[in-house]
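Here the sequence shown is numbered in this note's numbering, starting from 13 and rising by one per residue. A virtual CB, placed ideally from N, CA and C, is assigned to each residue, including glycine. Small disclaimer: the values here were computed from a predicted structure and weren't measured. What follows is a short report on a single structure.
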Amino acid sequence: MMKRWFQCLFAVIGGVLGYEWSDTVGQPFFKIIETVFGVEQVRGEAYWMMLAGVVLFYLISSWAVNYGLQKMQQSEEKVSSIPITDLIAGTVGMAVGLVLAVILLTPFEQAGLYSPVLHVIFTMMLGVVGFRLGYAKKEELIVLLAKGRSAKDRNQGEGKGFEEHKILDTSVIIDGRIADICKTGFIEGTLVIPEFVLEELQHIADSSDLLKRNRGRRGLDILNKIQKELEVKVLIYEGDFEEISEVDSKLVKLAKVLQGKVITNDFNLNKVCELQGVSVLNINDLANAVKPVVLPGEEILVQVIKDGKEHGQGVAYLDDGTMIVVEGGRDFIGTTLDVLVTSVLQTSAGRMIFAKPKLLEKAL
């Protein structure tokens, strides 16, 4: 429908131009016709020129409109594929460049050195440079805006409060314990799920390896549970850092941009965040912190289930998964007995308890 309207508009414009140019363009043309065909005089020259303009512009418009609509559609597709943050940053940079052009050209205009060509070239140059600089510095610009917004939110008073962003990585989503922690209400603020993390989860869920596929699907189920069943604010961050290939590096960059914290159980990501000055919440550290405190000399009822590494040792586990090494417990495999704690060892992998059977203590 739009194409027909444009064609009609072009035809009207062609008719008007043909009528107006009938004296200048039409007379030489009709003289040639009179000479070739031996006609004394062609009547209605203006109307013939108007008809010729209508037909000519209508035919040209058929190609021009198709070409224009095609280019317009391609431009819309390109613009729609660009993240909104890139467009905003580039537009801000271009606006700064145009303002700077006006400021710099004003003294030349007042001095009588104004040139329209120079004005257009200089303005276009600074506008393009400003757009490119704004696009290149988009992340720093977002950080400044985020800091300003954070300061404003903090100054609004305790009544409204300030919501901090907690950014989830792939490992903590697959782990699943984050859903239980959110359910208890210990996580405050907004949970941020980056789109590149969702893409990684989708890739894992589509893996040919059965174990990876199950882990990926479990992660997607956990996210679905958090969004639909829990009263937690969830934000899907659609932006991406195309210049960065690693997902962990993107998470660190996003945490800097949003001034948030990364929630993970990945030891390496934890260290990278600490080196980059990004706050991190490690689920494993939380799990170790809430484990029950066991002191040397306490008595525990355990079940020895397997051999230990050293001769005569047996291994048992608490309900929270803490491993207990029972000296001389090999003879009690498969039985439940009371043991006395001799020492507790805290390692990066968790906590390990050393104990000995209470029966042996009584025998001594």
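Check: What's the C-alpha gap between residue 348 and residue 229?
Finding: Computed Cα separation, rounded: 38 Å.
Next item on the list: Name the residue from 340, 332 and 310 whose alpha carbon lies nearest to the alpha carbon of residue 316.
Entry: Cα-wise, what sits closest to residue 316 is 340.
Note to self: Tell me the rounded alpha-carbon separation between residue 328 and residue 322.
What the structure shows: If you draw a straight line from the Cα of residue 328 to the Cα of residue 322, it comes to about 14 Å.
Next item on the list: Work out the CA separation of residue 220 and residue 176 for me, nearest whole Å.
Entry: Approximately 38 Å, taken between the alpha carbons.
Margin query: Please state the DSSP three-state secondary structure of residue 340.
Written below: Three-state result, residue 340: coil.
Checklist line | Distance between residue 116 and residue 140 (C-alpha atoms, nearest Å) | finding: Straight-line Cα distance between these residues: approximately 16 Å.
Notebook entry, point to check: So residue 101 and residue 146 are in contact, right, with Cβ under 8 Å, and what is the actual spacing, rounded?
Noted result: Yes, they are in contact, since the Cβ atoms of residue 101 and residue 146 sit about 5 Å apart, within 8 Å.
Item checked: For residue 99, the nearest candidate out of 184, 343, 148 and 367 (CA to CA) -> Nearest option by C-alpha distance: 148.
Check: CB-CB under 6 Å to residue 135, same chain, minus the five flanking residues each way: which ones, in chain order?
Finding: Counting only residues of its own chain and dropping the five nearest sequence neighbours on each side, residue 135 has a CB closer than 6 Å to the CB of 113.
Next item on the list: Name the two residues that bound the continuous alpha helix (DSSP H) containing residue 209.
Entry: Residue 209 -> alpha helix (DSSP H) spans 207–217.
Check: Using the beta-carbon count (16 or more within 10 Å), is residue 9 buried or exposed?
Finding: Since the first and last residues shown for the chain are 13 and 376, residue 9 lies out of range.
Item checked: Proximity test, residue 217 beta-carbon vs the ligand GTP heavy atom, cut-off 7 Å -> Among the ligands in the structure shown, none appear at all, so the ligand GTP cannot be discussed.
Item checked: Paired residues, beta bridge with residue 327 - DSSP -> Looking at the DSSP assignment, residue 327 forms a beta bridge with 318 and 337.
Next item on the list: Rank 268, 144 and 78 by C-alpha distance to the C-alpha of residue 104 and give the top, closest one.
Entry: Ranked by Cα distance from residue 104, the options 268, 144 and 78 are led by 144.
Margin query: Assuming residue 276 is part of the alpha helix (DSSP H), what are its boundary residues?
Written below: Here residue 276 belongs to no alpha helix (DSSP H); instead the beta strand (DSSP E) covers 273–276.
Note to self: Rounding to the nearest angstrom, what Cα-Cα distance links residue 277 and residue 182 in this structure?
What the structure shows: Spanning the two alpha carbons is a distance of roughly 9 Å.
Item checked: Backbone secondary structure at residue 143 - three-state DSSP -> Looking at residue 143 - three-state DSSP - the assignment turns out to be helix.
Item checked: Inside the segment 221–284 only - alpha helix (DSSP H) runs reaching at least 4 residues -> Within the segment 221–284, the complete alpha helix (DSSP H) runs of at least 4 residues are 222–241 and 259–270.
Check: For residue 22, does the three-state DSSP call read helix, strand or coil?
Finding: In the three-state scheme derived from DSSP, where H, G and I count as helix and E and B as strand, residue 22 is classed as helix.
Note to self: Taking the alpha-carbon of residue 262 as reference, which of 281, 195 and 80 has the nearest alpha-carbon?
What the structure shows: The option with the nearest alpha carbon to residue 262 is 281.
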